[in-house]
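S.K.: First the structure, which I've put down as structure tokens, then a few questions once you've had a look.
Number of protein chains: 2
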Amino acid sequence: MSSKIKRITSQDVANLAGVSRTTVSFVLNNVEGFQISEETRQKVQRAAAQLGYIPDSAAQTLASRRARAIGLVMTRSPHHIASDSFLPQIISGLLKVTKQQNLRLMIELVETEHQNQAYLELARAKRIDGMILLTPRMDDEALRTLENAEIPTVLMGHLEDSNLHSVDVDNRAAAEQAVQHLIALGHRQIACITNAPASYTAAPQRVQGYLDALAAAGIFPNPNLIHYADFDPESGYACMKSLLQSGETVTAVFVASDNVAMGAKSAIREAGLRVPEDISLMGFDDIPWAKYSDPPLSTVHLPAEALAQQACVMLMDLMQGQQPAVLRLDLETELILRSSCRAL
Amino acid sequence: MSSKIKRITSQDVANLAGVSRTTVSFVLNNVEGFQISEETRQKVQRAAAQLGYIPDSAAQTLASRRARAIGLVMTRSPHHIASDSFLPQIISGLLKVTKQQNLRLMIELVETEHQNQAYLELARAKRIDGMILLTPRMDDEALRTLENAEIPTVLMGHLEDSNLHSVDVDNRAAAEQAVQHLIALGHRQIACITNAPASYTAAPQRVQGYLDALAAAGIFPNPNLIHYADFDPESGYACMKSLLQSGETVTAVFVASDNVAMGAKSAIREAGLRVPEDISLMGFDDIPWAKYSDPPLSTVHLPAEALAQQACVMLMDLMQGQQPAVLRLDLETELILRSSCRAL
DNA sequence: TTATATGATTAACGCGCGTTAGTAACTCGC
DNA sequence: GCGAGTTACTAACGCGCGTTAATCATATAA
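As given, the protein sequences belong to chains A and B, one line each in that order.
Residue numbering for the first sequence follows my numbering, starting at 3 and increasing by one per position.
Residue numbering for the second sequence follows my numbering, starting at 3 and increasing by one per position.
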């Protein structure tokens, strides 16, 4: 199709500048400890600019043994990725840091079936220098293999008994605070719909916060009021529907994910009930649309973009061989009160 | 920190199997045209498995001159990326195809200041074999340099007078259809709030559809009723607010982006008006939350994930040297009627 | 037996660059 | 004028793999 375009190599730059390839490399990479006369430096830079020289990244990686890229690794199905309301924020946060550090960002999908192999491949193929793992699952045995530091890794979310570095929020405390608010409004029949199946670490943590708030108020928890959703609004709709049909009386629902809460709200409305007049709704996450929901959703703000940025900064440290200050970094959440909850 | 872990190379596999490195390469890559005895093949595969051999991707790329990766290139600010409601769907669609083809996906951010250089770098650094460009801007001169086929490229969205391959929807026709529906409901004072500044191709196209629908109905367009938003709900809020304060009478608003429509709805409600009783609202995009909005938003369904998949398939063709069937592929939109518009 | 085909395998080069060890020229002190 | 130091550079190796051209053994034909 297209005629063979001759690639411009550092040798071409060296020839044009009348120096060796080594010198070109020293100049363009600003290598310290070697003395290059200002004149030579100029010659090289001018030659490189004139030729439009752009180093071949594969060759650089092979020679330097650094890919200058990190990976964002997700262990979900494409369907769940498509409906992940935080992904844009996370990518945005990551890009801010990687751009500044002149690193590339790769998105990796690890399917649950071949996890063990997949993590090893990521580590050993050396396409990336480090990775950020999104919402790891508790039953993810393959993760353990990574703990031997095959590749710098930072978790977003937390894994019990793991010695991997992680960035997270205190899901339990945040959930407790949210439910405390419902209790303070006078609610006692409070249901809980989770954000995800129990194998995703955040889910049981938020449930625990819910239980702790009840316990502190002397409310005996009703197991029938706890339902496990599965990330998307559809699952929230299903949970809420079965909750309403169960015959249990409920005046408020703590839904541990705004996304799921959207579906729950549909079910409530479909049953002819209103939020917050008949049922108060408390979300979790503060996705961008929560404030535009009707009624605007009270929820717990999760600083997704900041989490991503911090995870990335932590990863940079690890990649440079420095130990980050803490093994686990918790960012602050904030209870956002809008108008989906009312006092009894 | 960690002791030097000896990398397992194809030479190690060759040694263990008692063959040459070349044979290992032939076997593991299933190279056609070379006869390898079944016995040797087995020996090699067993050795590779036993050692847990994983090829170094940089070395493969350097030798084969193919990176086995594609890039998703965006030209927006991190802020706009964070609030892009389609990104998850697009990434999901892309991952489906790349996973199946065993390609990697890189996310690239190109800042408007250094576009020219940035595109060249992407092309020449050879870190990716092809790229998918998201919502190119009309004033994006740097794109022209790519048309010389430095690297296979597919646009998501359209660029006038470009001979790059692209995947899009018929924004004009879709917008026209949406506004026609408003007109059919009896509305004649219909405002238009765009999805983005005019330099993003979809914006003027959707405005044109709006104008065409008015013209077909013999309605003289009022320029004061056209406002340009900027992707996010905040800008929609601002547009709607200034529209309401302008003193113009309006019974319906066509907002060329659901995301922007969310903000517009807030402004309407804040003014003490209701949707659809006082003002009918027609969106565009059908983001996942549109159906959970209140009232559920009537809108134009944009098949984002399918667009991404098709773009990716098209790109694969280009990367294999095949010309795709068409230069520009238009996918179907669908008018989704929910309950944010009412008949006058 | 000798030439020829064919099946199975490998030696060796090149991809483009980072980097170490070494060299050449040029001071400077005595 | 001669070794010792400095300054400014370069030759050459290695990163790990894909791939071409060549080699060797074996089977077949003449």
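No residue lacks a Cβ here, since even glycine has one placed at the ideal position from N, Cα and C.
Suppose contacts are defined by Cβ-Cβ distances below 8 Å. Is residue 313(A) in contact with residue 171(A) by that definition?
M.R.: The sequence position of residue 313(A) within the first sequence is 311, counting from 1. The sequence position of residue 171(A) within the first sequence is 169, counting from 1. Taking 8 Å as the Cβ cut-off, residue 313(A) and residue 171(A) do not qualify as a contacting pair.
S.K.: Does DSSP classify residue 343(B) as helix, strand or coil?
M.R.: Numbered from 1 along the second sequence, position 341 holds the residue referred to as residue 343(B). Residue 343(B): coil per DSSP, three-state reduction.
S.K.: Can you say whether residue 116(A) is buried or exposed, counting buried as having 16 or more other CB atoms within 10 angstroms of its CB?
M.R.: Taking the first residue of the first sequence as position 1, residue 116(A) is located at position 114. Exposed, by the Cβ-count rule.
S.K.: Does residue 341(B) have its Cβ less than 8 Å from a Cβ in chain A?
M.R.: As a first step, residue 341(B) must be located in the second sequence, where it is residue number 339. No - not a single Cβ of chain A is within 8 Å of the one on residue 341(B).
S.K.: Can you tell me where the alpha helix (DSSP H) holding residue 270(A) begins and where it ends?
M.R.: On the first sequence, position 268 is the one that residue 270(A) refers to. Segment 260-272, the alpha helix (DSSP H) holding residue 270(A).
S.K.: Which one or two residues does DSSP pair with residue 73(B) in a beta bridge?
M.R.: Walking along the second sequence from the start, residue 73(B) turns up at place 71. BP columns for residue 73(B) point to 108(B), 133(B).
S.K.: Could you check whether the Cβ of residue 123(A) sits closer than 8 Å to any Cβ belonging to chain B?
M.R.: As a working note, residue 123(A) is residue 121 in the first sequence. Residue 123(A) counts as touching chain B.
S.K.: Taking C-beta pairs closer than 7 Å, name the residues in chain A that residue 258(B) reaches, listed in chain order.
M.R.: In the second sequence, counting from the first residue as 1, residue 258(B) sits at position 256. None at all; the shortest Cβ gap to chain A is about 17 Å.
S.K.: Establish whether the CB of residue 83(A) and some CB of chain B are separated by less than 8 Å.
M.R.: Against the first sequence, residue 83(A) aligns to sequence position 81. It does: the Cβ of residue 83(A) has a partner Cβ on chain B nearer than 8 Å.
S.K.: Just the C-alpha distance for residue 36(B) and residue 316(B), rounded to the nearest angstrom, thanks.
M.R.: The count along the second sequence starts at 1 and reaches residue 36(B) at position 34. The count along the second sequence starts at 1 and reaches residue 316(B) at position 314. Using only the alpha carbons, I get a separation of about 31 Å.
S.K.: For residue 139(A), count neighbouring Cβ atoms within 10 angstroms of its own Cβ and tell me buried if that reaches 16, exposed if not.
M.R.: Reading the first sequence from its first residue, position 137 is the one you call residue 139(A). Buried: at least 16 other Cβ atoms inside 10 Å.
S.K.: Going by beta-carbon coordinates alone, are residue 254(A) and residue 184(A) separated by less than 8 Å?
M.R.: Counting from one through the first sequence, the residue named residue 254(A) turns up at place 252. Counting from one through the first sequence, the residue named residue 184(A) turns up at place 182. Taking 8 Å as the Cβ cut-off, residue 254(A) and residue 184(A) qualify as a contacting pair.
S.K.: At a Cβ threshold of 8 Å, is residue 287(B) touching chain A?
M.R.: In the second sequence, the residue the question calls residue 287(B) occupies position 285. No - not a single Cβ of chain A is within 8 Å of the one on residue 287(B).
S.K.: Quick one, are the C-beta atoms of residue 173(A) and residue 132(A) less than 8 Å apart?
M.R.: Indexing the first sequence from 1 puts residue 173(A) at position 171. Indexing the first sequence from 1 puts residue 132(A) at position 130. Cβ distance not < 8 Å, so residue 173(A) and residue 132(A) don't count as in contact.
S.K.: Counting only beta-carbon atoms, is residue 86(B) nearer than 8 Å to chain A?
M.R.: Translated into positions along the second sequence, residue 86(B) becomes position 84. Closer than 8 Å: yes.
S.K.: Counting only the same chain and skipping the five closest in sequence on each side, list residues whose C-beta sits under 8 Å from that of residue 346(A).
M.R.: For the purposes of this step, residue 346(A) is taken as residue 344 along the first sequence, with counting starting at 1. So the qualifying residues of the chain are 187, 188, 189, 253.
S.K.: Leaving aside the five residues before and after residue 339(A) along the sequence, list all residues of the same chain whose C-beta is less than 8 Å from its C-beta, in chain order.
M.R.: Here the question's residue 339(A) lines up with position 337 in the first sequence. Once the five neighbours on either side are set aside, the close Cβ partners of residue 339(A) are 183, 300.
S.K.: Would you say residue 322(B) reaches chain A, if we count a Cβ-Cβ gap shorter than 8 Å as a contact?
M.R.: Counted from its first residue, the second sequence places residue 322(B) at position 320. Closer than 8 Å: no.
S.K.: How would you call residue 295(B), buried or exposed, if buried means at least 16 neighbouring beta carbons within 10 angstroms?
M.R.: Mapped onto the second sequence, residue 295(B) falls at position 293. Buried, since its Cβ has 16 or more Cβ neighbours within 10 Å.
S.K.: Between the region 25-37 of chain B and chain A, which residues of the former have a C-beta closer than 7 Å to a C-beta of the latter?
M.R.: Within the region 25-37 of chain B, no residue has a Cβ that lies closer than 7 Å to any Cβ of chain A.
S.K.: When you compare the CB positions of residue 231(A) and residue 196(A), do they come within less than 8 Å of one another, or not?
M.R.: As a working mapping, residue 231(A) is identified with position 229 in the first sequence. As a working mapping, residue 196(A) is identified with position 194 in the first sequence. It is a contact, given that the beta carbons lie within the stated cut-off.
S.K.: Taking 8 Å as the CB-CB limit, is residue 16(A) close to chain B?
M.R.: Position 14 of the first sequence holds residue 16(A). No, residue 16(A) does not count as interfacial toward chain B.
S.K.: DSSP has residue 158(B) in a bridge; who is on the other side?
M.R.: Translated into positions along the second sequence, residue 158(B) becomes position 156. Partner(s): 136(B), 169(B).
S.K.: To which residues of the same chain is residue 28(B) closer than 8 Å at the C-beta, ignoring the five residues directly before and after it?
M.R.: Taking the first residue of the second sequence as position 1, residue 28(B) is located at position 26. Hits under 8 Å: 36, 38.
S.K.: Return the Cβ separation of residue 237(A) and residue 278(A) in integer angstroms, given the expectation that the two are a contact with Cβ distance under 8 Å.
M.R.: Along the first sequence, read from residue 1 onward, the residue named residue 237(A) stands at position 235. Along the first sequence, read from residue 1 onward, the residue named residue 278(A) stands at position 276. About 22 Å separates the two Cβ atoms, so there is no contact after all.
S.K.: Can you list, in chain order, the residues of its chain whose CB lies under 6 Å from that of residue 160(A), leaving out five sequence neighbours each side?
M.R.: By 1-based counting over the first sequence, the position of residue 160(A) is 158. Excluding positions up to five away in sequence, the list reads 168, 170, 203.
S.K.: Using DSSP with H/G/I as helix, E/B as strand and the rest coil, what is residue 202(B)?
M.R.: The residue labelled residue 202(B) in the question sits at position 200 within the second sequence. If DSSP states are grouped into helix, strand and coil, residue 202(B) belongs with the strands.
S.K.: Within the 8 Å Cβ cut-off, does residue 312(A) reach chain B?
M.R.: Start at 1 with the first residue of the first sequence, and residue 312(A) comes out as number 310. No, because no Cβ of chain B sits closer than 8 Å to the Cβ of residue 312(A).
S.K.: Go ahead and pull the three-state DSSP assignment for residue 123(B).
M.R.: In the second sequence, counting from the first residue as 1, residue 123(B) sits at position 121. Helix, per DSSP.
S.K.: Which same chain residues, not among the five before or five after residue 120(A), have their C-beta less than 6 Å away from its C-beta?
M.R.: Position 118 of the first sequence, counted from the first residue, corresponds to residue 120(A). Once the five neighbours on either side are set aside, the close Cβ partners of residue 120(A) are 112.
S.K.: Along chain A, in chain order, which residues have C-beta atoms closer than 8 Å to that of residue 199(B)?
M.R.: Along the second sequence, one-based indexing puts residue 199(B) at 197. Within chain A, no residue comes near residue 199(B); the closest Cβ sits about 19 Å away, beyond 8 Å.
S.K.: Rounded to a whole number of angstroms, what is the C-alpha to C-alpha distance between residue 176(A) and residue 286(B)?
M.R.: Against the first sequence, residue 176(A) aligns to sequence position 174. Against the second sequence, residue 286(B) aligns to sequence position 284. Near 35 Å, if we compare the C-alpha coordinates of residue 286(B) and residue 176(A).
S.K.: Less than 8 Å between the beta carbons of residue 105(B) and residue 60(B), yes or no?
M.R.: Counting from one through the second sequence, the residue named residue 105(B) turns up at place 103. Counting from one through the second sequence, the residue named residue 60(B) turns up at place 58. No, the Cβ-Cβ distance between residue 105(B) and residue 60(B) is not below 8 Å.
S.K.: Three or more beta-carbon pairs under 8 Å between the region 120-130 of chain A and the region 54-68 of chain B, yes or no?
M.R.: At 8 Å Cβ cutoff, the stretches touch.
S.K.: Work out the CA separation of residue 153(B) and residue 304(A) for me, nearest whole Å.
M.R.: Translated into the one-based positions of the first sequence, residue 304(A) becomes position 302. Translated into the one-based positions of the second sequence, residue 153(B) becomes position 151. If I take the Cα positions, the gap works out to 40 Å.
S.K.: Going along chain A, which residues have a C-beta under 8 Å from residue 57(B)?
M.R.: Indexing the second sequence from 1 puts residue 57(B) at position 55. By Cβ distance, chain A contributes 127.
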